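Student:
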Amino acid sequence: MISKLSEIIVFLGLTLASIALWFNADALPTSKRYAQVDSDLWPKIVFGALAICCAIQMIKAVSKALKAQAETEATGAGKAQGYYLRLGLISALVLGYFFALNQIGFLFATVIFLWAAAWVLPYRNLLAKLLFAPLFTVMLALFFSYALSLPLPRGEGIFYDLSQALF
Amino acid sequence: MLDAFASAAGYMLGNPMCFVLIVFSVAWGIMFGSIPGLTGIVGVALLIPFTFAFDPIEGMLLLGGVYVGSTFGGSISAILFNTPGSPEAACTSLDGYPMAKRGEAGKALGIALAASAVGGIFGTLVLMFAAPPLARLALEFGPAEYFALAVLGITAIASIGGGSLVKGLIAGLLGLAVATVGLDPLTGIARFNFGNPMLLTGVSFIGAIIGIFALAEVIQRFADGPTEANAMTEVSTKLPSLAEFLATKATLLRSSVIGTIIGALPGVGATTAAFISYSEAFRWSKHPELFGKGSPEGIAAPESGNNSAVGGSMIPLLALGIPGSATTAVMIGGLTIHGIVPGPMLMQNNSDLVYSVFIGMMLANILMLVFGLRAARVFALVLRAPYPLVGPAIVVLCMTGVFALNNNVFDVVIMLTFGAVGFFLKSFGLPVASFIIGLVLGPIAEVSLRQGLILADYDLMTLVSRPIAGTLLALSALSLAYGLWGQFRARNATPKPVTETDAKAQTDPA
Chain B
221 MISKLSEIIV
231 FLGLTLASIA
241 LWFNADALPT
251 SKRYAQVDSD
261 LWPKIVFGAL
271 AICCAIQMIK
281 AVSKALKAQA
291 ETEATGAGKA
301 QGYYLRLGLI
311 SALVLGYFFA
321 LNQIGFLFAT
331 VIFLWAAAWV
341 LPYRNLLAKL
351 LFAPLFTVML
361 ALFFSYALSL
371 PLPRGEGIFY
381 DLSQALF
Chain U
8 MLDAFASAAG
18 YMLGNPMCFV
28 LIVFSVAWGI
38 MFGSIPGLTG
48 IVGVALLIPF
58 TFAFDPIEGM
68 LLLGGVYVGS
78 TFGGSISAIL
88 FNTPGSPEAA
98 CTSLDGYPMA
108 KRGEAGKALG
118 IALAASAVGG
128 IFGTLVLMFA
138 APPLARLALE
148 FGPAEYFALA
158 VLGITAIASI
168 GGGSLVKGLI
178 AGLLGLAVAT
188 VGLDPLTGIA
198 RFNFGNPMLL
208 TGVSFIGAII
218 GIFALAEVIQ
228 RFADGPTEAN
238 AMTEVSTKLP
248 SLAEFLATKA
258 TLLRSSVIGT
268 IIGALPGVGA
278 TTAAFISYSE
288 AFRWSKHPEL
298 FGKGSPEGIA
308 APESGNNSAV
318 GGSMIPLLAL
328 GIPGSATTAV
338 MIGGLTIHGI
348 VPGPMLMQNN
358 SDLVYSVFIG
368 MMLANILMLV
378 FGLRAARVFA
388 LVLRAPYPLV
398 GPAIVVLCMT
408 GVFALNNNVF
418 DVVIMLTFGA
428 VGFFLKSFGL
438 PVASFIIGLV
448 LGPIAEVSLR
458 QGLILADYDL
468 MTLVSRPIAG
478 TLLALSALSL
488 AYGLWGQFRA
498 RNATPKPVTE
508 TDAKAQTDPA
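Protein sequences appear in the order of chains B and U. Just so you know, the first sequence maps onto residues 221 to 387 in the numbering used here. Just so you know, the second sequence maps onto residues 8 to 517 in the numbering used here.
Below is the structure:
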């Protein structure tokens, strides 16, 4: 029931967002020269069609949910145990990595991220877990900086100075 | 023409450096293509300063080889990790990765490689023998024709979903909606950037596809945990047999023709060619139900399409001096460095150069088979590595590649956002292929429709009644009707399950 409810909410949200964006397109500044093919022409076609399709899908989801109401359905059926915990963990790690890249630079952020992420899924080889992160990070940094001369995030403050000294 | 060929071949035979450069450039191109974010454009751009050290012919061989190698290289990471190395390989992920997950990574890479070579050789042959007439045909393409071409691709979005027609349409329309973000190309008015100046240039396509495919996949696999479906216990490096490969011959021929023509059109490149080839392969396939689940046709079509577009995009460059793609636009820089102006006179005044490029590209395609065959076997072994190490490494590689491309953190933000979008699409059964097709073809469709209407004095009938546009639109309508009829027939041919046992028997033949 939860999955059907989430589908209803998502498609309702998309319908409303499409309608709102249709009005946003309608409010775009107009140009006399291109009056008949102005900036709002294509977005209005797209968002109009999107609103209709999302509304249809939402109605379908509601009718499915009503049909399934009588049946008992286990909550979260089909999802592996700990699914949402792992989803939250990896999403938080990826976001944390992104912010860390800008603050502490590529080298430190990458090693910490690779170490941390290796523990989210079960894997017994501890030595591989410990060695892979620094080796991969150094190889990638060398490849980008020296072989390709492409930029890497350097971080701020002391981390910036340190990265300048290293690559 | 034969004299020019003989003269160019004589020059190359007398300069072994030419062959060294072709070997190096193909390997360089495959490497650049396979690293997410670093596209063939970057690979070509980085080598342009080095062409100073060589003659113009050798310089062009270097750049041409990179272009050929990078177009195939993107498929390696697309197939193995659902991480398209370059935009033109995004479509290859759709069927290549499911096939790799089935334990047939080697077969998927083999199909991609062979299809790339067939497409590349086809495109080069057309370039050799039909460059001037095709260039003239390309000039016939106005806004109305571009619009009709985009419609041809877009009409596939409804049927590609496999299951639900409405969900296919929603995903495609979402792609078209995202493509409207940024400055309006006609009026210069900012649309849907919500005050963010970084969005004025639109959504970074490379960041978007890497997020949708790679990041969403890593998050999904981590969230699913160590399930049996995720474990790639068998990693075959067996390449497809000749019979298996020949089974896709119609797809290969169709996609190569589509790719060459689209490649020859200025402004639309290998990515569009790959997606339209995929749409058409899906539409004309006897087994459309296998698309998205590891269909050999789903790999062969985009790969032959995008590689034939390489030869195709050289047609307007050499015959008219107009770049057919972003990479050839960069290559113009390589030509002008040496004081060579591409255009109609190039084939007469610099026939040695032009025919050496033809021969070089042909050799590069053959060399790609040799390198790719070895690379396919080696790369497929990477799948044996444990995912708790490989998954986060993919995230690092994607973020680094996307950042390095423009030295821009906002591109990484786009990648992260589209990672969430990809996860959302998967979670609600919305087909990613339709979304990407909308994203690729949306800008072409919008601009050409509006320009076409202006030129036709706002008369839609005048717009659609031009010969090429009318033919393409009629083809779109026909193929849409054929595709929908095929879906209807397939649905009716499968007897509906009466009981739960019947339903299980249908889904699990074993």
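Here a beta-carbon is modelled for each residue, glycine too, at the ideal position from N, C-alpha and C. Quantities reported herein were computed from a predicted structural model and do not represent experimental measurements.
Can you list the residues of chain B that E453 of chain U reaches, using a CB-CB cut of under 7 Å?
Tutor: Those within 7 Å of E453 of chain U in chain B are W262.
Student: Taking the DSSP output, what are the residues bridged to G189 of chain U?
Tutor: Paired residue(s): U:R198.
Student: Quick check on G302 of chain B - is its C-beta less than 9 Å from some C-beta in chain U?
Tutor: Yes, because at least one Cβ of chain U sits closer than 9 Å to the Cβ of G302 of chain B.
Student: Short of 7 Å in beta carbon distance, which residues of its chain neighbour V33 of chain U, apart from the five on each side in sequence? Order them along the chain.
Tutor: Correct list, in chain order: G72, V75, G76, A371, L374, M375 and F378.
Student: Should Y104 of chain U and V454 of chain U be called a contact, given that it needs their Cβ atoms to be closer than 9 Å?
Tutor: Not in contact: Y104 of chain U and V454 of chain U (Cβ atoms no closer than 9 Å).
Student: Is the number of C-beta pairs between the segment 312–321 of chain U and the segment 469–485 of chain U that are closer than 8 Å three or more?
Tutor: With a cut-off of 8 Å, the segment 469–485 of chain U and the segment 312–321 of chain U do not count as touching, because too few Cβ pairs lie within range.
Student: Chain U beta carbons: is any one of them nearer than 9 Å to that of A269 of chain B?
Tutor: Answer yes: the Cβ-Cβ gap between A269 of chain B and chain U drops below 9 Å somewhere.
Student: Just checking: is the beta-carbon of L386 of chain B within a distance shorter than 9 Å of some beta-carbon in chain U?
Tutor: No - not a single Cβ of chain U is within 9 Å of the one on L386 of chain B.
Student: Beta carbons nearer than 9 Å to chain U: which residues of the segment 275–289 of chain B have them?
Tutor: Those residues of the segment 275–289 of chain B that come within reach of chain U (Cβ to Cβ, closer than 9 Å) are I276, Q277 and K280.
Student: Of the residues that make up the segment 409–421 of chain U, which ones have a beta carbon closer than 7 Å to any beta carbon in chain B?
Tutor: Here the close residues are F410, A411, N414, V416 and V419.
Student: Taking Cβ positions, are A52 of chain U and V337 of chain U nearer each other than 9 Å?
Tutor: Cβ distance < 9 Å, so A52 of chain U and V337 of chain U count as in contact.
Student: Where does Q256 of chain B sit, in a helix, a strand or coil, going by DSSP?
Tutor: Correct three-state label for Q256 of chain B: helix.
Student: Consult DSSP for I42 of chain U and reduce its assignment to one of helix, strand or coil.
Tutor: I42 of chain U: coil per DSSP, three-state reduction.
Student: Thinking C-alpha only, which one of U:D62, U:A60, U:F79 and U:I55 is nearest L70 of chain U?
Tutor: Minimum Cα distance to L70 of chain U is reached at U:I55.
Student: In three-state terms, what does DSSP make of S248 of chain U?
Tutor: Note: S248 of chain U maps to coil in three-state DSSP.
Student: When the distance is taken between beta carbons, is V282 of chain B closer than 9 Å to I228 of chain B?
Tutor: Going by C-beta atoms, I228 of chain B is nearer than 9 Å to V282 of chain B.
Student: From F379 of chain B to W335 of chain B, what distance separates their C-alpha atoms?
Tutor: F379 of chain B and W335 of chain B: Cα-Cα distance of roughly 19 Å.
Student: Let me check understanding here. Comparing Cα to Cα, which of B:F318, B:M278 and B:V340 lies closest to L396 of chain U?
Tutor: Out of B:F318, B:M278 and B:V340, B:V340 has the C-alpha closest to the C-alpha of L396 of chain U.
Student: Please tell me whether K174 of chain U has its Cβ less than 9 Å away from any Cβ of chain B.
Tutor: Chain B contact via Cβ: present.
Student: What does a CB cutoff of less than 7 Å around V158 of chain U pick up in its chain, not counting 5 residues either side in sequence?
Tutor: The residues are A452, L480 and S483.
Student: Can you tell me whether DSSP reads D246 of chain B as helix, strand or coil?
Tutor: Correct three-state label for D246 of chain B: helix.
Student: Measure the Cβ-Cβ separation of S100 of chain U and F220 of chain U and say whether it is below 9 Å.
Tutor: Yes.
Student: Of all Cβ atoms in chain B, is any one closer than 9 Å to the Cβ of F229 of chain U?
Tutor: Judged by the 9 Å Cβ criterion, F229 of chain U is in contact with chain B.
Student: Pull up the distance between the alpha-carbon of L225 of chain B and that of A285 of chain B, whole angstroms please.
Tutor: Their backbone Cα atoms lie some 7 Å apart in a straight line.
Student: Which residues of chain B have a Cβ atom closer than 8 Å to the Cβ of M406 of chain U, listed in chain order?
Tutor: Per Cβ cutoff of 8 Å: Y317, F318 and L321.
Student: Below 8 Å CB to CB, which residues in the same chain sit around Q227 of chain U once its five sequence neighbours on both sides are set aside?
Tutor: Around Q227 of chain U: F430 and K433.
Student: Excluding sequence positions up to five away, which residues of its chain have a Cβ less than 7 Å from the Cβ of T330 of chain B?
Tutor: The answer, listed in chain order, is T357.
Student: Nearest by alpha-carbon distance to S441 of chain U: which of U:I322, U:L172, U:M352 and U:L380 is it?
Tutor: Per the Cα distances, U:L172.
Student: What's the call for F129 of chain U, buried or exposed, on a 16-neighbour Cβ count within 10 Å?
Tutor: So F129 of chain U counts as buried.
Student: Residues of chain U with a CB under 8 Å from the CB of A348 of chain B: which are they?
Tutor: Ordered by position in chain U, the residues that pass the 8 Å Cβ test against A348 of chain B are P393 and L396.
Student: If you reduce the DSSP assignment to three classes, tell me which class G276 of chain U lands in.
Tutor: Correct three-state label for G276 of chain U: coil.
Student: Y465 of chain U versus chain B: which residues are under 9 Å apart at the beta carbon?
Tutor: Here the neighbours are Q256 and V257.
Student: Scan the segment 181–203 of chain U for residues whose Cβ lies nearer than 8 Å to a Cβ of chain B and list them as they occur along the chain.
Tutor: Taking 8 Å as the Cβ-Cβ cut-off against chain B, the residues of the segment 181–203 of chain U that qualify are L181, L183, A184, T187, D191, L193, T194, I196, R198 and F199.
Student: Please report the distance separating the alpha-carbon of I272 of chain B from that of L176 of chain U.
Tutor: Roughly 10 Å between the two C-alpha positions.
Student: For L146 of chain U, tell me which candidate among U:L327, U:G445 and U:L470 has the shortest Cα-Cα distance.
Tutor: Among U:L327, U:G445 and U:L470, the Cα nearest to that of L146 of chain U belongs to U:L327.
Student: So with Cβ pairs under 9 Å, would you call S238 of chain B a contact of chain U?
Tutor: Yes, S238 of chain B lies at the interface with chain U (some Cβ there is under 9 Å from its Cβ).
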